[in-house]
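A.B. asks:
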Amino acid sequence: IAKQEGGARAKAFHDEIGARVQARQRDKADLRAAVHGGQMVVHYQPIIELATSHVTGAEALVRWRRPGRGLVRPDEFIGLAEETGLIVPLGAQVLEAACAQGARWSSEGRALGVTVNVSTRQLSSAGFEASLLHALRVTGMPPENLTLEVTESVWADDAAMQGLMAVRDSGIRVALDDFGTGYSSLSYLQRYPFDFVKIDKSFVAALGETGRTAGVLRCVIDLADVLGARAIAEGVETPEQAEWLRREGCAYAQGYLFGRPRHPDGWDDQPAARGARPVRS
Ligand code: C2E
Ligand code: MG
Ligand code: MG
Ligand code: MG
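Quick note: the sequence shown, position 124, residue 568 per the UniProt record's numbering, numbers continuous.
(1) Applying the 10 Å Cβ sphere with the 16-neighbour rule, what's the burial state of Gly535?
(2) Would you tell me roughly how many angstroms separate the C-alpha atoms of Pro637 and Ile461, rounded to the nearest one?
(3) Among the candidates Leu630, Met585 and Gln566, whose CA atom is the shortest distance from the CA of Gln606?
(4) Which residue from Arg617, Glu593 and His498 puts its Cα closest to that of Asn561?
(5) By Cβ distance, which residues of its chain are closer than 7 Å to Asp622, with the 5 residues on each side in sequence left out?
(6) If I measure Cβ to Cβ from Gln483 and keep anything under 8 Å in the same chain, skipping five residues before and after, which residues do I get?
(7) For ligand 2, which residues have a Cβ under 6 Å from at least one heavy atom, in chain order?
(8) Taking the continuous beta strand (DSSP E) assigned at Glu503, which residues delimit it?
(9) Quick check on the burial criterion: 16 or more other C-beta atoms within 10 angstroms. Buried or exposed for Ser725?
(10) Hey, is Pro705 close to ligand 1, as in C-beta under 7 Å from one of its heavy atoms?
(11) Any heavy atom of ligand 1 within a distance shorter than 7 Å of the CB on Asp519?
(12) Where do the ends of the alpha helix (DSSP H) carrying Met609 lie?
(13) Does any heavy atom of ligand 1 sit closer than 7 Å to the C-beta of Gly679?
(14) Can you find the residues in the same chain that come closer than 7 Å, C-beta to C-beta, to Met576, ignoring five residues on each side of it along the sequence?
(15) Kindly examine ligand 3 and report whether one of its heavy atoms sits closer than 7 Å to the Cβ of Asp709.
(16) May I ask you to verify whether the segment 492 to 503 touches the segment 450 to 458, counting CB pairs closer than 8 Å and requiring at least 3?
(17) Mind checking which residues open and close the beta strand (DSSP E) that includes Asp621?
Okay, structure coming up:
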């Protein structure tokens with residue numbers, strides 16, 4: 445009997461592995477079709493300047509409108525896109541859409557910078573610089589209104605760093621995303637220039653829990669300043685967090701308190717977005 449049970453268990457195990465492999469193959473095929481078939485949509489979340497409460501920018505965040513599954517969040521497919529290399533055409537699409545949206549906003553008289561997440565794999569791909577310059581050219585987006593968000597993993601990849609520094613020469617800005625969760629070293633931080641430091645939402649969420657978090661956050665805001673960058677706090681959900689950050693000299697904030705990521709058509713429906721400042725003439 446034990447032998448039979450063992451055999452049944454082994455079969456169940458094999459069936460399960462087989463089912464997972466199949467599901468993964470299906471996800472890959474679906475993702476490929478989605479990237480090439482226009483199922484990717486870009487939403488935008490407002491970034492506000494804490495000193496004035498004005499919206500000064502927007503982060504582009506991709507979603508997959510997957511048939512039968514609704515709007516799928518990036519955490520569920522960016523990993524697979526990176527593994528399969530699909531991140532390269534996907535990232536190029538997001539860049540072009542974000543540049544087009546930025547150019548549209550500026551033609552409506554709104555001074556909104558647009559920030560776009562780029563993966564290390566995308567940055568180190570051969571055609572990256574060309575696809576970025578193409579996106580700027582066809583949309584008419586001024587390079588200085590575009591910020592690329594990279595994570596600390598970029599330090600470990602020479603080709604990606606070179607790609608990044610090459611495009612920075614054309615006036616594009618660079619933000620270090622999820623700061624404090626990866627592996628930055630002080631030597632990298634002082635060696636390479638970047639314009640913004642995005643403080644990861646886990647630090648903001650822990651504010652008020654212990655005095656230590658507050659102390660660490662103060663140091664990160666100061667560190668950004670010393671490095672010639674501006675701090676952007678992510679995941680701001682309460683007025684208390686926003687007020688604390690403003691008082692401590694954090695320049696910008698982003699979070700559900702000010703607005704969720706939205707399709708550009710619904711952007712003006714959120715309170716914070718209506719505060720977007722017109723271009724100064
Ligand atoms: P991220 O770049 O750190 O983006 C911020 C994430 O925090 C977004 O999740 C946003 O919706 C969420 N968020 C914003 N405010 C709040 C808040 O107040 N509370 C909480 N709990 N969360 C908040 P989302 O849109 O699911 O994106 C997840 C990650 O996927 C992004 O993290 C980014 O790393 C990646 N990603 C998104 N779009 C792209 C893309 O076009 N290309 C690449 N390579 N990665 C992308
Ligand atoms: Mg980001
Ligand atoms: Mg982040
Ligand atoms: Mg992230």
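Virtual Cβ for every residue (Gly too), placed ideally from N, Cα, C.
The structure presented is a predicted model; accordingly, all values stated were derived computationally and were not measured.
C.D. replies: With the structure as the only source:
(1) Numbered from 1 along the sequence shown, position 91 holds the residue referred to as residue 535. When all chains shown are included, Gly535 counts as buried.
(2) Here residue 637 refers to the residue found at position 193 of the sequence shown. Here residue 461 refers to the residue found at position 17 of the sequence shown. Rounded to the nearest angstrom, the two C-alpha atoms are 46 Å apart.
(3) As a working note, residue 606 is residue 162 in the sequence shown. Residue Gln566 is the option with its Cα nearest to Gln606.
(4) The residue labelled residue 561 in the question sits at position 117 within the sequence shown. Checking every option, the nearest Cα to that of Asn561 belongs to Glu593.
(5) Mapped onto the sequence shown, residue 622 falls at position 178. These residues qualify, in order along the chain: Thr595, Lys642 and Asp644.
(6) Within the sequence shown, residue 483 is the residue found at index 39, counting from 1. Counting only Cβ-Cβ distances below 8 Å, and skipping sequence neighbours, we find Ala477, Trp508, Arg509, Arg510 and Pro511.
(7) Residue list for ligand 2: Glu503, Asn561, Glu593 and Asp621 (CB closer than 6 Å to any heavy atom, chain order).
(8) The sequence position of residue 503 within the sequence shown is 59, counting from 1. Looking at the DSSP string, the run of the beta strand (DSSP E) that includes Glu503 is His498 to Arg510.
(9) Residue 725 sits at position 281 when you count from the first residue of the sequence shown. Residue placement at Ser725 is poorly supported in this model, since its pLDDT is 36, which falls under 50; the coordinates are not used for a value here.
(10) To locate residue 705, count along the sequence shown from 1; it is residue 261. It does: the Cβ of Pro705 is within 7 Å (strictly closer) of some heavy atom of ligand 1.
(11) Residue 519 sits at position 75 when you count from the first residue of the sequence shown. It does: the Cβ of Asp519 is within 7 Å (strictly closer) of some heavy atom of ligand 1.
(12) In the sequence shown, the residue the question calls residue 609 occupies position 165. Taken as a continuous stretch (DSSP letters only), the alpha helix (DSSP H) holding Met609 covers Asp602 to Arg612.
(13) To locate residue 679, count along the sequence shown from 1; it is residue 235. Indeed, a heavy atom of ligand 1 lies less than 7 Å from the Cβ.
(14) Position 132 of the sequence shown, counted from the first residue, corresponds to residue 576. The sequence given here has Leu at residue 576, not Met. Correct list, in chain order: Leu539 and Val611.
(15) Within the sequence shown, residue 709 is the residue found at index 265, counting from 1. The answer is no for Asp709.
(16) Using a C-beta cut-off of 8 Å, the segment 492 to 503 makes no contact with the segment 450 to 458, since fewer than three inter-stretch Cβ pairs fall below that distance.
(17) For the purposes of this step, residue 621 is taken as the residue at position 177 of the sequence shown. Run containing Asp621: Arg617 to Phe623, per the beta strand (DSSP E) assignment.
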